[in-house]
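Residue numbers (this note's numbering), protein chains in the order written: chain A, 1 to 252; chain B, 253 to 504. Backbone N, C-alpha and C fix where the C-beta goes; we use that ideal spot for every residue, glycine too. Read the structure below first, then the notes.
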DNA sequence: CTGCTTCTTGCATGAACAGGCAAAACATGC
DNA sequence: GCATGTTTTGCCTGTTCATGCAAGAAGCAG
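Written out as structure tokens, the structure reads:
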């Protein structure tokens with residue numbers, strides 16, 4: 001049995017069942033589980049499936065899976081970032097918070113006794129804030145994009161234009177010193193730009209994998225970032241670049 | 253059974269029923285309750301559900317609060333109403349859906365393969381619809397009112413004014429033949445009136461306890477109701493009054 | 001208050017895992 | 001044909017992960 005043959009059969013079963021078990025594949029192919037695990041590792045590296053304990057599941061057939069997958073990834077890190085980011089807040093401030101799992105974690109980390117005004121176009125962030133009694137929540141409506149978990153479009157832009165905020169928590173973006181803050185979607189970038197324009201300061205909290213990456217649509221230059229919240233393990237050279245552009249760096 | 257599989261099944265049931273019971277999941281999955289609780293803890297940490305004593309509920313804001321308090325016993329009735337109400341839909345329609353637990357149940361009851369355009373000012377309804385691939389979701393933003401679970405205010409009215417719908421699912425109101433459809437809050441009533449004005453037909457699904465009751469703020473007259481979805485046990489005298497005003501009565 | 005259920009925490013066990021190593025199969029060059 | 005290098009594979013070793021069990025804490029009902 002050829003390696004490539006096994007890979008194809010694994011892909012086939014994933015397409016059919018949505019999952020595969022390492023042990024089951026091993027006995028079906030007549031090879032050891034180690035070999036199967038190696039196959040799964042390779043396919044996972046190629047992004048064709050997602051490795052889980054005991055086997056693997058289809059990587060991202062549905063949007064829900066994508067969002068769920070992203071949010072399960074690096075939960076610990078994002079919670080730590082969120083706690084550090086919340087430390088930047090003071091009572092009575094008004095905020096823009098846009099989409100992304102890190103921003104949702106930040107919303108969940110806001111203490112119950114903090115008085116804030118928050119405007120968000122992310123349903124996840126909004127949900128997290130509904131329980132907080134002292135938060136005045138303004139939902140920025142518009143066309144909802146499942147992949148992003150946020151509302152975008154002309155209606156959203158109009159709603160943003162009528163508001164101002166002390167801080168803008170800008171999420172789910174690429175971050176590169178030369179190219180600045182970038183987004184993956186045109187409409188999403190527009191909303192981010194509008195929020196940035198109406199905010200006194202921008203806060204970005206990112207995991208290491210977002211650092212030194214860029215996406216197609218430019219949102220703002222690196223010098224627009226006031227606070228940058230990163231993991232302790234973030235490469236210091238990159239951080240120094242951002243600091244020289246005026247960003248305060250906070251370690252989670 | 254993969255851990256990942258259980259998580260997905262839990263998410264599925266939450267999307268369908270709005271709640272899960274730890275013991276019931278344990279026996280269904282063939283694992284100990286400890287394992288289920290661990291699953292629930294993880295999903296809660298990722299913000300995908302909300303932990304409650306005995307199990308978990310959907311993290312949707314309003315659903316959690318009300319499922320906990322106001323209508324724990326009426327869940328089944330509302331699910332039945334929802335199924336009947338969904339029967340009034342046809343593919344390609346556009347809808348307004350406002351707030352209330354009954355409307356959230358209706359949103360959850362919409363089949364995955366139905367193509368619709370839905371505009372809502374309820375975060376609970378919006379959350380329930382985010383998973384449906386064929387639903388174009390428009391969020392009507394504005395100032396969020398935790399008690400209602402909906403957005404209201406001038407921004408919301410502006411957003412509503414730009415849209416039109418075939419049907420308007422009007423929720424959480426008092427219903428009386430003489431006083432018509434009434435709401436408990438002034439701003440809420442304004443939004444409902446705006447939605448009613450821009451809709452071709454109004455659908456109201458109510459449990460018996462809402463029948464023949466009235467709230468302070470008038471939304472529409474009884475003759476504006478096109479479809480009335482009620483429990484089988486609803487008092488026929490009251491229903492006859494509504495029918496004489498032009499409403500079609502549907503039993504759940 | 002009392003008794004019951006549910007929940008969290010810590011722990012032990014077995015399964016699943018990654019990395020290193022060596023043998024076998026295969027290809028390549030002389 | 002023979003030697004050499006590469007790839008694939010299975011096995012071994014220590015590590016990580018998932019799970020069930022037990023004990024104590026917390027929540028709920030009467």
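Chain-ordered chain A contacts of residue i [CB-CB under 9 Å]
| i | result |
| --- | --- |
| residue 395 of chain B | 136, 137, 138, 139 |
Partners in chain A for residue i, counting only beta-carbon separations shorter than 7 Å
| i | result |
| --- | --- |
| residue 398 of chain B | 130 |
| residue 256 of chain B | 52, 57 |
Identified DSSP bridge partners for residue i
| i | result |
| --- | --- |
| residue 164 of chain A | Per DSSP, none; premise fails for residue 164 of chain A. |
| residue 390 of chain B | A:143, B:371 |
| residue 204 of chain A | A:170, A:228 |
| residue 53 of chain A | None, per the DSSP bridge assignment. |
| residue 81 of chain A | Paired residue(s): none; residue 81 of chain A is not in a bridge. |
| residue 502 of chain B | B:481 |
| residue 96 of chain A | A:119, A:168 |
| residue 433 of chain B | B:427, B:472 |
| residue 58 of chain A | A:49 |
| residue 463 of chain B | B:427 |
| residue 19 of chain A | A:57 |
| residue 451 of chain B | B:417 |
| residue 86 of chain A | Looking at the DSSP assignment, residue 86 of chain A forms no beta bridge with any residue, so it has no partner. |
| residue 410 of chain B | The partner list for residue 410 of chain B (beta bridge, DSSP) is empty, contrary to what the question assumes. |
Classification of residue i by the beta-carbon crowding that lies within 10 angstroms, buried from 16 upward
| i | result |
| --- | --- |
| residue 6 of chain A | buried |
| residue 253 of chain B | exposed |
| residue 468 of chain B | exposed |
| residue 485 of chain B | exposed |
| residue 108 of chain A | buried |
| residue 231 of chain A | buried |
| residue 172 of chain A | buried |
| residue 213 of chain A | exposed |
| residue 3 of chain A | exposed |
| residue 300 of chain B | buried |
| residue 489 of chain B | exposed |
| residue 302 of chain B | buried |
| residue 463 of chain B | buried |
| residue 146 of chain A | buried |
| residue 175 of chain A | buried |
| residue 444 of chain B | buried |
| residue 446 of chain B | buried |
| residue 386 of chain B | exposed |
| residue 30 of chain A | exposed |
| residue 439 of chain B | buried |
| residue 220 of chain A | buried |
Distance between beta carbons of residue j and residue i, contact taken as under 8 Å
| i | j | result |
| --- | --- | --- |
| residue 390 of chain B | residue 370 of chain B | 7 Å |
| residue 347 of chain B | residue 368 of chain B | 6 Å |
| residue 396 of chain B | residue 130 of chain A | 7 Å |
| residue 180 of chain A | residue 218 of chain A | 6 Å |
| residue 292 of chain B | residue 127 of chain A | In fact, because the Cβ distance is near 17 Å, the residues do not count as touching under 8 Å. |
| residue 229 of chain A | residue 205 of chain A | 4 Å |
| residue 106 of chain A | residue 82 of chain A | 4 Å |
Chain B contact residues for residue i, given Cβ-Cβ distances below 7 Å
| i | result |
| --- | --- |
| residue 155 of chain A | 411 |
| residue 19 of chain A | 254, 257 |
| residue 104 of chain A | 299 |
Contact list for residue i against chain B, beta-carbon separation under 9 Å
| i | result |
| --- | --- |
| residue 188 of chain A | The premise fails here: residue 188 of chain A is roughly 15 Å from chain B at the closest Cβ pair, so nothing lies under 9 Å. |
Interface partners of residue i on chain A, CB under 8 Å
| i | result |
| --- | --- |
| residue 425 of chain B | Here the premise fails: no neighbours, minimum Cβ distance about 21 Å. |
Interface partners of residue i on chain B, CB under 8 Å
| i | result |
| --- | --- |
| residue 108 of chain A | 299 |
- With a cut-off of 8 Å, do at least 3 Cβ pairs link the segment 353-368 of chain B to the segment 327-340 of chain B? yes
- Message: With three or more C-beta pairs closer than 8 Å as the rule, is the segment 259-272 of chain B touching the segment 235-242 of chain A?
- Response: no
- Between the segment 199-206 of chain A and the segment 151-170 of chain A, do at least 3 Cβ pairs fall closer than 8 Å? yes
- Can you find at least 3 beta carbon pairs, one from the segment 17-27 of chain A and one from the segment 51-61 of chain A, that sit closer than 8 Å? The segment 17-27 of chain A is in contact with the segment 51-61 of chain A.
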